[in-house]
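In what follows, a structure is listed as structure tokens, so that the remarks can point back to it.
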Amino acid sequence: MRIGDFRASYRHDEALWPTRVQRTGLVLLALALALFPFTANGYLVGLACMVGIHCIAAAGLNIMTGYTGLISLGHAAFMGVGCYTAAWFAQRGLPFFVTLPLAGLFAAAIGTVVGLPSLRIKGLYLAVATLATQFLLVYVFREWDSVTGGVRGVNVPNASLLGFELLNDHRMYYLIVPVAALMLVAGRNLFRTRVGRAFIAIRDKDISAEVLGIELLHYKLAAFAIGSFYAGVAGALLGYFYRAMTPEYFTLQLSVFYLAAIIVGGLGSMLGTILGAVFMTLVPELLRAGVALVAQWAPRATEILSPVQQVVFGLLIMGFLVFEPHGLLEIWRRVRRMFHLWPFRA
Amino acid sequence: MSGGGFDWIALAEYSAIGLLSGGLLALVALGFVLIYKGTGVINFAMGEFMMLGAYFFYTANVLWGLPTWLALALTLAAVALAAALIERALLRPLSGQPVISVLMATIGLASALHGGVDAVWGGNNYEMPALLPRKPFTPGEILIPGQVVWSFVLAAVVITAFTLYFRFSKTGIAMRAAASDPLTAYVLGIDVRRTQALTWIFAGMVGAVAGIVVASMTSLSPALGGAALGVLAVIILGGLDSIAGAIVAGLIVGLAESLTAAYLGGKVRDIVPYAIVLVILLIRPYGLFGTRQIERL
Amino acid sequence: MSTTDPRSDFSRRSLLGAGLGAAAASALPLHAALAQGGELVVGAAPPITGVFAFAGVGLHQGLGDYCEWRNATKGGVAGRKLRYIGEDSAYKMDQAMAVFKKIMGAHKPPVFYGDSTAWAKAAAKEVSQLGTTMTSSPSFASDLADPKNVPFYFMAGPTYTAMGEILLEYINRTSRGANRPAVAIVYSDTEFGRDPIAGIKAKAQTLQIPVVQEIVTKPGAVDVSAEVAKLRRARPDFVIFHGYVLAPIPEFIKQMREAGMTATPMGTIWSMDMTTVNAMGPAAQGWMGVMPYRYSYDTKDAPTMQVIKDYAAKARPDMKYVPLFYTHGWLVGMIFAEVMERTLKAGKPLTGPNMKAALETIKDWDTGGVTGLLVNLQGHQIASGRIYAYNTDTKLMEPASGWIRTA
Chain W
775 MRIGDFRASY RHDEALWPTR VQRTGLVLLA LALALFPFTA NGYLVGLACM VGIHCIAAAG
835 LNIMTGYTGL ISLGHAAFMG VGCYTAAWFA QRGLPFFVTL PLAGLFAAAI GTVVGLPSLR
895 IKGLYLAVAT LATQFLLVYV FREWDSVTGG VRGVNVPNAS LLGFELLNDH RMYYLIVPVA
955 ALMLVAGRNL FRTRVGRAFI AIRDKDISAE VLGIELLHYK LAAFAIGSFY AGVAGALLGY
1015 FYRAMTPEYF TLQLSVFYLA AIIVGGLGSM LGTILGAVFM TLVPELLRAG VALVAQWAPR
1075 ATEILSPVQQ VVFGLLIMGF LVFEPHGLLE IWRRVRRMFH LWPFRA
Chain H
34 MSGGGFDWIA LAEYSAIGLL SGGLLALVAL GFVLIYKGTG VINFAMGEFM MLGAYFFYTA
94 NVLWGLPTWL ALALTLAAVA LAAALIERAL LRPLSGQPVI SVLMATIGLA SALHGGVDAV
154 WGGNNYEMPA LLPRKPFTPG EILIPGQVVW SFVLAAVVIT AFTLYFRFSK TGIAMRAAAS
214 DPLTAYVLGI DVRRTQALTW IFAGMVGAVA GIVVASMTSL SPALGGAALG VLAVIILGGL
274 DSIAGAIVAG LIVGLAESLT AAYLGGKVRD IVPYAIVLVI LLIRPYGLFG TRQIERL
Chain E
766 MSTTDPRSDF SRRSLLGAGL GAAAASALPL HAALAQGGEL VVGAAPPITG VFAFAGVGLH
826 QGLGDYCEWR NATKGGVAGR KLRYIGEDSA YKMDQAMAVF KKIMGAHKPP VFYGDSTAWA
886 KAAAKEVSQL GTTMTSSPSF ASDLADPKNV PFYFMAGPTY TAMGEILLEY INRTSRGANR
946 PAVAIVYSDT EFGRDPIAGI KAKAQTLQIP VVQEIVTKPG AVDVSAEVAK LRRARPDFVI
1006 FHGYVLAPIP EFIKQMREAG MTATPMGTIW SMDMTTVNAM GPAAQGWMGV MPYRYSYDTK
1066 DAPTMQVIKD YAAKARPDMK YVPLFYTHGW LVGMIFAEVM ERTLKAGKPL TGPNMKAALE
1126 TIKDWDTGGV TGLLVNLQGH QIASGRIYAY NTDTKLMEPA SGWIRTA
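Protein chains in written order, with our numbering: chain W, 775 to 1120; chain H, 34 to 330; chain E, 766 to 1172.
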């Protein structure tokens, strides 16, 4: 129920969390996240780390695709760029708070180059171009032995801060979650600024945006750069998390996974990003648990877990697109609207 | 082997194989083009249609022991049904939605079909019966595997049949009309919904035939589904909505793949289609024969 | 896309986040039943689906069945029952790692079986750091047979490079005369495929055997006509295939024969299963390769092979032929059990260093006929194998050499 929610200045109105309820909620959230690793077993903490990484990558993709309308099927490849960059610098002794931004910057640079054609080609054609880039970049990962270790992959040294090594998932959690939170808030903030509004204008009708004075190439490249920066950071964290990486990880399937996450979660919204990333990470886990249950009666069930995951994945995407195109976010908002005037009116 | 100097015969051999393999590529590209022309969608699930056709045929022909022609007929019917269902249940509700939604819908479809086949038939490789004669052709010193030649012939026959159909039959002309201007076609009494469903059915059948041929040339496994992504190069090069473009581009891409495999090695061969895609998109996005799209406010 | 007030988005983050945190903290993985007192968990992440599904199913079944058999006939290991927990990795590195972390987190198994060369190399560091588990996998990569740098890994066979060397030695021995036999190598573009190539080429150079062609393909390559054309032009006498389990070897060989090539095709362990050979049809004539085990139909003087055959017939009646992947899984189970038994009998707890020490005491160990010679695991590998050739009369792979020691 909303009560006593009034804004006395423009500045207050523009704030990211204007009401006291929101701010208290945020503090509670931060507490819950901070205490989580102490209450959960190692596997769940690892899962939470993956969710964090997925959130960052999906946020980048949402900025590119959800807010700016540039479809990218090559997001996984940018993560790969970030991962290998971080690995390379980490092997040379740089600490993680240097390698993470570096990874993001390298990925952003490649993203800018990939985005150059986006002025000439749009929509479907751009998607196909990013698809081609995905395959080409993976080819580079596999062949450029001296830097990426080729098919063998790289080993990433443990992330360390002043000698304190992040040896296990528990400690990685305290690196990943704050970085994710930071980047999500930054992403949300982006859309209070001029750049963000330009992105939205471009998505809605780029010809009109151009007429209004928004330099298309400049902003489209910025969208690619920012989205790829996020992907690069996510990739770097991935490398630190697994402590080793091979090119086989960065497949088209992974790019599709992130697209699915933002569509299922809700395009054009950071909350949608979080919802989508969490949902898409939890669904395979739930499936696995479900199959383990069923396996008592049908022992062959475990053998078809992987294909069943694919089927469910595809059905989820198709289902959401047909029935709830605005994603989980819309469901969330419906629930929230129900509570606006509760208990005075349902 | 000719001593000294460039091995022209080898080049001729690789070129012949490449051009002829392009026939199959053109066939799959035909499926893509049909759907794009008819409904404005790039069907990322085309490879899965191929896979579906091959598995249905395998079930009918090998598992149930039906004679080849009957198995083929049943397969085509089943795939036609599946395609019609997909068009009705998935594509029609999404018509008018932004590009990314439809694109993701076909990608989701591909994933679901792939997983479905893997779950039902298992991930093992199966042997398909050899449908095309295997005896190699040996004009001069060149050796071309029989299947490559016959697959080209088959592709040529199917493509020609479709071209004639679109040109001369009433339904074919109706489909072309609905594709180029749905509103006018509707006003003129053409059932646009039916032609769109037909488009998917034809594309599905083309894909099924291509899938059966590819599976019988290699082996049957769910990996067949990913084979069609390379055909994207063909349709981008040829133009998304041009059948003639699909044919010409199919031959060119087949040639390019064969020559790169021969002279640069098998690994490079896999990315040749994608390199071609990028180059074309940068220089001439609408391909060799595609119609230029003009955007209006 | 969204038309409602965007700024209130974050107010719901709080509820969502708190709710998630609570739910996640209270939820436990459904099958996290901790090993009942005394149970020994054998963890695995076999590639049951995916590009090597065919092999993965056999590995999964072989290892699991061994654990059942051991419990039934010997009451487990040192009085403790074995519990096999294997989950599909789909031959994807991230999934294999996820399964690994999950099983390690929930059960802390003393032994674990991975899915690939990629996994083994990637997990090596983590396994060393953890120091609780002895691992193995279907990988025979040369780097992994290194007791010093990869202390908690062993392979149930010789390295891929050693296998390639056995083949080259055979080629060398059987070709007399002035003309050196020409060899071509066809391998897959994976870590598995690329591993032994450098070593094989080096050995070929030492034996003065020219390598006339080197072809790389995707692991599940679909169209190989251009590659076969290239092979034909190079006119090799022998073609060594490595890095594949099934496809595209049968297609390669069929096309080679149709193209009139008389080269002898040869394979390494994972392409030696009878299913691969049967898929070649009549073109299988001449197929040879190196394999460290007996085939399941070769039970003469091999009691363990008979045990495997009997158990599989009883437990899996619709399995007409026991593939070599099953045999491998069984053998790995035997080694795991032996290592754990030796450690426990010495009164030591099951930790990585203790199990490594126990592993290295395995010398002149009789596997009951699975491997031809007595097994010596000091180098963390079973350094022996035998050449097999296809016999067109019996339609089976028959030995074409004695058992050879590789290291």
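We treat Cβ as the ideally placed atom computed from N, Cα and C, and that holds for glycine.
Fill in: E/Y925 versus E/A1078 - alpha carbon distance
Straight-line Cα distance between these residues: approximately 31 Å.
Worksheet item: Of the residues that make up the segment 1008-1031 of chain E, which ones have a beta carbon closer than 8 Å to any beta carbon in chain H?
Response: L1011, A1012, P1013, P1015, E1016, K1019, Q1020, E1023, A1024, G1025
Discussion item. For H/G283 and H/V301, which I take to be in contact (beta-carbon distance under 8 Å), what is that distance rounded to the nearest angstrom?
Written reply: Wrong, their Cβ atoms sit about 20 Å apart, outside the cutoff.
Worksheet item: Excluding sequence positions up to five away, which residues of its chain have a Cβ less than 6 Å from the Cβ of E/A947?
Response: Here the set comprises P975, V977, P1001, D1002.
Practice prompt. Could you tell me how far apart the beta carbons of W/F998 and W/T886 are, in whole angstroms, since I believe they sit closer than 8 Å?
Written response: 6 Å
Worksheet item: Taking C-beta to C-beta, are E/P961 and E/D880 nearer than 7 Å?
Response: no
Worksheet item: What's the C-alpha gap between W/G820 and W/G1009?
Response: Those two C-alpha atoms are separated by around 16 Å.
Worksheet item: Does at least one heavy atom of the ligand ZN sit under 6 Å from the Cβ of W/T813?
Response: The ligand ZN is not part of this structure, which contains no ligands at all.
Worksheet entry | Span of the alpha helix (DSSP H) around E/G827 | Taken as a continuous stretch (DSSP letters only), the alpha helix (DSSP H) holding E/G827 covers 818-839.
Fill in: Identity of the residues DSSP links to W/M824 by a beta bridge
W/M824 pairs with nothing; no bridge assigned.
Worksheet item: W/Q865 and H/H147: beta carbons closer than 7 Å?
Response: no
Fill in: Other residues of its chain near W/H849: CB distance less than 6 Å, five sequence neighbours each side excluded
L835, A1005, S1029, Y1032
Worksheet item: Interface residues of chain H around E/I1152 at Cβ under 7 Å?
Response: Neighbours of E/I1152 on chain H: none; closest Cβ ~25 Å, over 7 Å.
Worksheet item: Could you give the distance in angstroms between the alpha-carbon of W/T1055 and the alpha-carbon of W/S1002?
Response: Distance between the alpha carbons of W/T1055 and W/S1002: 21 Å.
Practice prompt. May I ask you to list, following chain order, the residues of the segment 848-862 of chain W that have a beta carbon less than 8 Å from some beta carbon of chain E?
Written response: Considering only beta carbons, no part of the segment 848-862 of chain W lies closer than 8 Å to chain E.
Practice prompt. Starting from W/P952, trace the alpha helix (DSSP H) both ways and give me its first and last residue.
Written response: 943-964
Worksheet entry | For E/N944, the three-state DSSP class (helix, strand or coil) | If DSSP states are grouped into helix, strand and coil, E/N944 belongs with coil.
Discussion item. Would H/V123 pass as an interface residue toward chain W - the criterion being a Cβ-Cβ separation below 7 Å?
Written reply: One point to set straight first is that residue 123 of chain H is Leu, not Val, in the sequence displayed. Yes, H/L123 lies at the interface with chain W (some Cβ there is under 7 Å from its Cβ).
Practice prompt. Would you grab the beta carbon distance between H/I269 and W/V902 for me? Rounded to a whole angstrom, and I think it's under 8 Å.
Written response: 6 Å
Discussion item. Against chain H, which members of the segment 1094-1120 of chain W pass a CB distance test of less than 7 Å?
Written reply: L1095, V1096, P1099
Discussion item. Using beta carbons (cut-off 7 Å, strictly below), is W/L1079 in contact with chain E?
Written reply: yes
Practice prompt. Report, in whole angstroms, the separation of the C-beta atoms of W/G816 and W/A954, which I expect to be a contact under 8 Å.
Written response: In fact, because the Cβ distance is near 19 Å, the residues do not count as touching under 8 Å.
Discussion item. Does chain E have any CB closer than 7 Å to the CB of H/V153?
Written reply: It does not; no Cβ of chain E falls within 7 Å.
Practice prompt. Tell whether a beta-carbon distance below 7 Å holds between H/V132 and W/L898.
Written response: In contact: H/V132 and W/L898 (Cβ atoms closer than 7 Å).
Worksheet item: Do you know how far the Cα of E/G1098 is from the Cα of E/E804?
Response: The C-alpha of E/G1098 is placed about 15 Å away from the C-alpha of E/E804.
Practice prompt. Assign W/H1114 to one of two classes, buried (16 or more other C-beta atoms within 10 Å of its C-beta) or exposed (fewer than that).
Written response: Around the beta-carbon of W/H1114, fewer than 16 other beta-carbon atoms lie within 10 Å, marking it exposed.
Worksheet item: Based on the DSSP output, what are the partners of E/F1146 in its beta bridges?
Response: Contrary to the premise, residue 1146 of chain E reads as Gln rather than Phe in this sequence. Answer is E/M920, bridged to E/Q1146.
Item to complete: Identify the continuous beta strand (DSSP E) that holds E/R848 and give its terminal residues.
Response: 847-851
Practice prompt. Name the residue from H/Y91, H/L44, H/L118 whose alpha carbon lies nearest to the alpha carbon of H/A106.
Written response: H/Y91
Worksheet item: Three-state secondary structure (DSSP) at H/Q180?
Response: helix
Fill in: Residues that E/E979 bridges to, as DSSP identifies them
E/I950
Worksheet item: Are the C-beta atoms of E/R945 and some chain H residue less than 7 Å apart?
Response: no
Worksheet item: Considering only residues of the same chain and omitting the five flanking positions on each side of H/G205, which have a CB-CB separation below 6 Å?
Response: Non-local beta-carbon contacts of H/G205 in its own chain, meaning distances under 6 Å to residues more than five positions away in sequence, involve Y198, F199 in chain order.
Discussion item. Below 8 Å on the Cβ atoms is my contact criterion, and I expect H/L257 with H/A87 to pass it. Report the Cβ-Cβ distance as a whole number of Å.
Written reply: 6 Å
Practice prompt. Tell me, please, whether the segment 845-854 of chain E touches the segment 1114-1123 of chain E by the rule of three or more beta-carbon pairs shorter than 8 Å.
Written response: no
Worksheet item: Considering E/M869, what are the terminal residues of the beta strand (DSSP E) in which it resides?
Response: Here E/M869 belongs to no beta strand (DSSP E); instead the alpha helix (DSSP H) covers 858-872.
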